[in-house]
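Below is one structure, written out as structure tokens; the observations come after it.
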Amino acid sequence: MSAVKETKKTITITIDGKEIQAEYGKSILQIARENGIYIPTMCYLTKVEPIASCRMCVVEVEGVDGFVLSCQEKAVDGAKITTNSQALFRERQNIMKLYDVNHPLECGVCDKSGECDLQNKTLEFEVDEQDFTAKEMHRPVQNWGFISYDPSLCILCEKCVRVCNEIVGSEQLQISVGGYKSTIVNTKPDNDCVSCGECMAVCPVGALVSSDFKYSSNAWELEKIPSACAMCSAGCQLYYEVKHTSIDNPEPKIYRVTNEFEFSNLCGAGRFGFDFENKTAFKDSRKLEEAIKAFKKADTIAFSSYISNEEALLLSKIAKKVGAKLVCSDSYGLSRFLKAYSSVSGKMLWDGTLEDIATSDVIISFGGKIAQDAPMVKNHIAMASKRNKARVIYMHPIEDYTIQNLVTRFIKYEAGSEEGVLAMLLEFLTRDKELDSKIKAFIDELDIGYLSAESSVSEEEIESLKLDFWKRKRFSLIIGSDIFNHERVENIAKIIALIEKYTNFKLIVIPPASNSLGVSLICDLEKEKEGFVVGVNAPGDFTLSSLGDGDFDLPAFNQIEGTITTINKQVVPLNVALPYDGYILNDIAKELGVGSDLTIDLTKELPKEKGFESIEFDELSPNAFSVHGEDLRGYKLRNVTVEVNFELEEVADLESFDGTIVYCVNPSQNPNPFTNKSHLLQSKATLIGSKQFATAAKINDGDRVEFEMDGKKVTRVFRIDTSLKGTIALNPIFDMGLSAFWVSSYRFKKVNINKVGSGDE
Amino acid sequence: MSKVVFSTWRGELIDNRNKPQEEWVESSFSFPLEYNKDKPSRAFIGWDGVAIFDENIDAVKLATEYAATYQKYSEACGRCAPGRWGGRILFDLLDKIARGEGNFEDIEHLQEVSRTMMETSKCEIGRTVPKPILDLMEHYKEQFDACILEQKKSHEYESNTSYIAKVTAPCMDMCPAHVDIPSYIEGVRDLEFGASLQATRQTMPLAHTCGRVCPHPCEDACRRANLDEPIAIMELKRLGADYETDHNLAWFHPKEPKPPRNDGKKVAIVGGGPAGLTAAYYLGLEGIEVHIFEELPVLGGEVAVGVPQYRMPIEKYNKDIELVTSLPTVHVHTNTRVDANMLREFEKEYDAILLAFGTRLSKKIRAKNEREEIKGYWGAIAMLDRVNLWHKYKIGEPASKELKDKVVVCVGGGFTSMDVVRCAVREGAKKVIMLYRRDEKTIIRNTSWEEYHEAVEEGVEFIFYSAVEEIITDENDQLKKLKVNRFELVPDPNGGRPQLVKIEGADFEIECDFLIPAVSQSADLSILPEEWNIELTSWNTILTNGRDYMSSKPGVFAAGDCEYGPMTIVNAVGQAKRAASVISRYIYDGKVSLTDEEIMEDHLKKLGVYNKNEKIKGWMPGIPREVSEKLSVSERITNNKEVNLGLTGEQAIAEAERCMRCYYIAMVAV
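Chains P and R, in that order, give the protein sequences.
With positions in the first sequence counted from 1, the corresponding number in the working numbering is that position plus 1.
With positions in the second sequence counted from 1, the corresponding number in the working numbering is that position plus 629.
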């Protein structure tokens, strides 16, 4: 053991003669990159653990025989490292020669050409002739959903396998090892792939490409417009890649979406659901007049969270001007939650972030179908599971077996019993804590036996969490969107705030829709609509729609400038990828006397008392990541201090949810009517339930059924999914157009299912 | 010592070609000159060079086949650019030369590709494969030149020489169960924990168990020790097993279990401990019907009733056991003590019998007045049965009833005695003393540093260089005190092993309530039918040849402690795995045979794979081994909570990244 030097926290090393202080534990490559020193790599991907397949990153270390792999090897104190020499150049050149063996010479038609790592490094290492060959094999192209895999172009860097496992957690891709015959295999090509396209994004060559994009453009002809995905509250960074439509059509078109894949992720909705723009609009002054008239007589302005912060502020101004109520059904619950939460926590917002989830070793996910609702949250759970062996406790009425590889304990509770279950959790987590008398009284009054019986969560299940928490250090509590439209959301919010306050759990609340958080902070919302309703991306007596199906057209998210507020409490900018020819909300506002020159003039006016900053849109930080991977986009909200002032109500009696229940949930890659407008994701929604559900509802697979939801009739084809249990069926609403935004009640709904025909009719 | 024509093994250069026999130099290594009975081998080629035994060897073909083997075996690797493409090119170019189509440029390219592979391959397999090929190209240049100049096939290009190869690694070779260690570590590094577990289970079904309580002989053969410290091989095994258990996933079998054969063939296994379970698992995977007969009410053998809960939580061991019993052809009969009559029946009913009943008789310490009837004299096996059956299964009564507030003396020095003293502490003994004949260093070597250290922390008093001379009892035959002799180590003037010599006049007495002998255990051979005349070893265990594990009676096999004597779990697993393989063929053809893989395994063991003097190239030295968190004394002393918390995720990845993947290929031409 004497050979081991004592490890220090801070070490000093020398790279290419430059003395550098660094933290022990970092790899040589990490330290080099942080200090602007270039080491070539083919398989290195910053966001995952080192893969170490390409061997390009080898360096020389003084006193060490042979070449050392810089991506994986930690730097030790005093190491003197050389990143380039003739010998290293020759070895790297030789590796490139090997990579180039039999690589098809089809750069002329390859999608990757111009942004291909193989192409770049082949040139960099001056490989201009092929010394060796090997017998070629037949390697047919495979199609995996939206993705096409060409094994003959694959260099087996394994980045795709890594992200599928370590980032997405779906373990779909594997490397089939077999030397020269090695290939990437999709273990479940027909099902279960979350179609996120992460594998494709990180592919350094043309092996994994979008089937849709294939052969449609050269990479260098596309203009990259940096923006954010506004399809859910994660607000992931993306680039819309734009070019004219064709030789005879100069209209710009989005050809594909890419992202800063080195550091961040994107799900299928963002990557493939990009062409939801409103093309039909033109400047129709008659319609503008109508819209102005409608707003003037509006009693209610109803809108959805598919709106920028600036537009939300604009609507507030209009509402004030015309004396209308503001109603936003997919944010109202969050706004109620936040008020109640703040009254206990003394701050406006939760402290946790997605990154906190990824570094946790205990995660409780409560009240949401995470894999579908919030793919990015699920990804960060996957990272924690893979890297930290995190205990993942999944509390929900529906056990999601598709993520069993990430979850270590399912705790299933009855639909509707969220308040009771959280109260049990609070009691368990604060047992040895010094509590305020008010809170102590609340806990003492809890009838745990009753709560347990009604929620079907046994006391043993809660006790068993002790085992999960044993010797663990970093805790996250994720709150999903089931609770926002729960009647008891306020008391639920207070209980959650208490858990956050008295335990070391970091709290992460998932805003239920794109900009719900922004809307909740900016607008004073009311619950009920009344009188004449103007709908802004929501149904109304007069409807303004980005889908192009209303009385007045609005631009879609890929056609506007503005900001949205994300789950990470970050205000991130959107940029215009495609032109919009019609009038916009600001034109109406101007006519009503509350507009500004440009919508983005409002960026600096966003309410400072809610944590926004007074920064001009054009002065927001660059819409990008730093070379070290920091997310520089926009800014983080200040977490404003709020007065603590609350009363806890007794836990309400639990309403029983018997019989057939539907749960409103959209597939992860098609979360809303906008993605459902995109040509790749457009699909037909079906009601999916277990066999038990079919029996209870007296229906069969393939039947056409009808039921009522929030006063609206819904017709669906029913399909049985044998992996589901219980009498809860999954009901997507992405195909309902703007009326999807009418659905404003608790996500679990007791319904009567009526068979109205068979699927073919 | 081996008689060879030529050898470059491990740096030696022996060239006896064209020399008269009497001038031949012998190699200092034990090469497999005879591949199998009456089957001489012609050459041996591997990671460290090449040895030729037959003067007529075709060196070009040998090199080509070695490269081909690398291709074939690259499922063990094939995951880095130099290895993957380099290996293919190596083979293509060599084969081109061997079939008479090569040119001298090909030789240059071969040398260049070899260099790249040797410098930058991910694992040792890619780094070492070119070495013997380059040796052959250098020393048998004339054969290569001839193929090129005359554009003719090499002289044995189409001969029927067999080339038999095997992938190994120093750690795999040292592991009695030959677990594919680099592969399961790679699974952890790749965060593919299921794949990691599958790699382990190829030869080791008890992944939870051997991820916790294995004495890890592999770590003594870890090449990383040549650089800094050995990898924490054992603890990395836990990751895969914990992943499966924590997520309640379907079993990760190393391969899809074959459907039940239902062909009337069946195997009886006597004893449901590690050896019995292992054999049942591998026979069950083949779809062969097996019946395990276990004397105790529970499966698991000594790991269940010997190893304490704090070291091997039964919930985890039960997972390993469930893996085995989940197979449809594995049948279990607990509470069934097999005796000679039953064995006679088995002989008629079953196609093979595997004896795996361990060693469950506690040996005496050979003190004066030593009798089992003494009150307070308690054999280690019986005492641990009592402790474990109570704590793990709530069978029987707690041992604390006897041991609370008592003074307990244990005589031992091995793992069992450590279990005894640490359990006695947890059962509330007032004072616990371990008497050991030799010194601290030896006890650590016989157990582990952790085990010894933790026992000391828990308050066990170790008295070294001492042995009980006499047991003193009162009129009720109740143990009162022990008379103990003191010894010292006297160096042998002739340079031999130092001798323990009694120090006259240094005797002392210990007053105590319990004496627990834990010096060793022996097999209960009374169950064997006398007329079987089963041959025994000199230390009264069942004799086999240590390769196929068949006893002197055909169809009766033996594995684990009853064959070897009290030894490790991993040893029992290794033996039973081999026995299961032999049995799976024996029940069909009545022959005792080994696979090529197994024959090579034994050859390599003899040759030795690990070279502790090798200088490591291409790795950063000075990266310390990760150490898992252990419960503090106060957290563990009054309970049976698992003491070792295992590596955290972060630690495990860091530790896995230290593994140098020392895979090698060895090949024999026969």
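Every residue, glycine too, gets a C-beta built ideally from N, C-alpha and C.
query: Looking at the unbroken beta strand (DSSP E) that takes in R:V679, where does it start and where does it end?
result: 678-681 is the span of the beta strand (DSSP E), which, as asked, contains R:V679.
query: Would you report the Cα separation of P:Y414 and P:S459, rounded to the nearest angstrom?
result: Rounded to whole angstroms, P:Y414 to P:S459 spans 9 Å at the Cα level.
- request: Report the residue ranges of all beta strand (DSSP E) runs contained in full by the segment 831-860 of chain R; include only those spanning at least 3 residues, in chain order.
  value: Segments of the beta strand (DSSP E) lying fully in the segment 831-860 of chain R: there are none.
field: Inter-residue CB distance, R:L1274 and R:K1259 (contact presumed, cutoff 8 Å)
entry: 7 Å
- request: Measure the CB-CB distance between R:G731 and R:C804 and report whether it falls below 8 Å.
  value: Judged by beta-carbon spacing, R:C804 lies beyond the 8 Å limit of R:G731, meaning their Cβ atoms are not closer than that value.
query: Does the beta carbon of P:F262 come closer than 8 Å to any beta carbon on chain R?
result: no
message: If distances are taken between C-alpha atoms only, which option among R:T1045, R:M1047, R:V1054 comes closest to R:S1029?
response: Closest option to R:S1029, Cα to Cα, is R:V1054.
- request: Out of R:D1177, R:P1146, R:P1183, point me to the one whose CA is closest to R:I1163's CA.
  value: R:P1183
query: For P:N646, does the count of other Cβ atoms within 10 angstroms reach 16, so buried, or fall short, so exposed?
result: exposed
Close beta carbons around P:V102, own chain, < 8 Å, minus the five adjacent residues each side: Within the same chain, P:V102 has close Cβ partners Q131, F133, T134, A135.
query: Can you tell me whether R:F733 is buried or exposed, with buried defined as 16 or more other CB within 10 angstroms of its CB?
result: exposed
- request: Please go through the same chain and pick out, in chain order, the residues whose beta-carbon is closer than 7 Å to the beta-carbon of P:E7, but skip the five residues on each side of it.
  value: Any reading at P:E7 needs caution, since the residue's pLDDT is 47, under 50, leaving its predicted position unreliable; the model's value is listed next. Here the set comprises nothing.
message: Against R:E821, what residues of chain P qualify as contacts under a CB-to-CB distance less than 7 Å, listed in chain order?
response: The answer, in chain order, is N166.
message: If we define contact as Cβ-Cβ less than 8 Å, is P:Q22 a contact residue for chain R?
response: No, because no Cβ of chain R sits closer than 8 Å to the Cβ of P:Q22.
field: Candidates R:L906, R:N1242, R:E951, R:E1031, of which the one nearest R:A1208 by Cα
entry: R:L906
- prompt: Just how far apart, CA to CA, sit R:P859 and R:I1003?
  reply: 47 Å
Bridge partner(s) assigned by DSSP for R:G795: Note on identity: in this sequence residue 795 of chain R is Lys, with Gly being the wrong assignment. Note: R:K795 sits in a beta bridge opposite R:A1295.
- prompt: Excluding five sequence neighbours on each side, which residues of the same chain lie with their C-beta closer than 8 Å to the C-beta of R:L1233?
  reply: K795, T797, D802, A1295
query: So the beta strand (DSSP E) P:S1 belongs to, where does it begin and stop?
result: For chain P, the structure presents residues 2 to 762; residue 1 of chain P sits outside this window and is missing.
task: Less than 8 Å between the CB atoms is what I'm expecting for P:F264 and P:G630, so what's the real figure, rounded?
output: 4 Å
query: Is the beta carbon of P:S657 less than 8 Å from the beta carbon of P:G703?
result: no
task: Taking all protein chains shown into account, decide if R:K760 is buried (16 or more other Cβ within 10 angstroms of its Cβ) or exposed.
output: buried
- prompt: R:L793: which of R:E1227, R:V1256, R:R966, R:K884 sits nearest, CA to CA?
  reply: At residue 793 of chain R the sequence reads Ile, which differs from the Leu that was named. Here the closest residue by C-alpha is R:E1227.
task: Verify the CB distance criterion: does P:G18 have a CB-CB separation below 8 Å to chain R?
output: It does not; no Cβ of chain R falls within 8 Å.
- prompt: Helix, strand or coil: how does DSSP classify R:L693 here?
  reply: First, the amino acid is wrong: residue 693 of chain R is Thr here, not Leu. Helix.
- prompt: Listed in chain order, which residues of the segment 817-845 of chain R have Cβ atoms closer than 9 Å to some Cβ of chain P?
  reply: R818, D819, L820, E821, F822, G823, A824
- prompt: Expressed to the nearest angstrom, what Euclidean distance is found between the alpha-carbon atoms of P:H139 and R:D721?
  reply: 17 Å
- request: List the endpoints of the continuous beta strand (DSSP E) containing P:C665.
  value: 662-665
Pairwise C-alpha distance: P:H680 and P:G583: 22 Å
message: Please report whether the beta-carbon of R:E741 lies at a distance below 8 Å from any beta-carbon of chain P.
response: yes
- request: Report yes or no: is there a C-beta of chain P within less than 8 Å of the C-beta of R:E748?
  value: Between R:E748 and chain P, the shortest Cβ-Cβ separation is below 8 Å.
query: So, P:S477 versus P:I500, is the Cβ gap smaller than 8 Å?
result: no
- prompt: In the DSSP assignment, what are the bridge partners of R:T1076?
  reply: DSSP output for R:T1076 lists no bridge partner at all.
message: Distance check for R:R1051 and R:Y939, CA to CA, integer angstroms please.
response: Distance from the CA of R:Y939 to the CA of R:R1051, rounded to the nearest whole angstrom, comes to 9 Å.
task: Verify the CB distance criterion: does R:A1028 have a CB-CB separation below 8 Å to chain P?
output: no
- prompt: If you scan the segment 463-531 of chain P from start to end, which runs of the alpha helix (DSSP H) of 4 or more residues do you find wholly inside it?
  reply: Within the segment 463-531 of chain P, the complete alpha helix (DSSP H) runs of at least 4 residues are 466-470, 490-503, 517-523.
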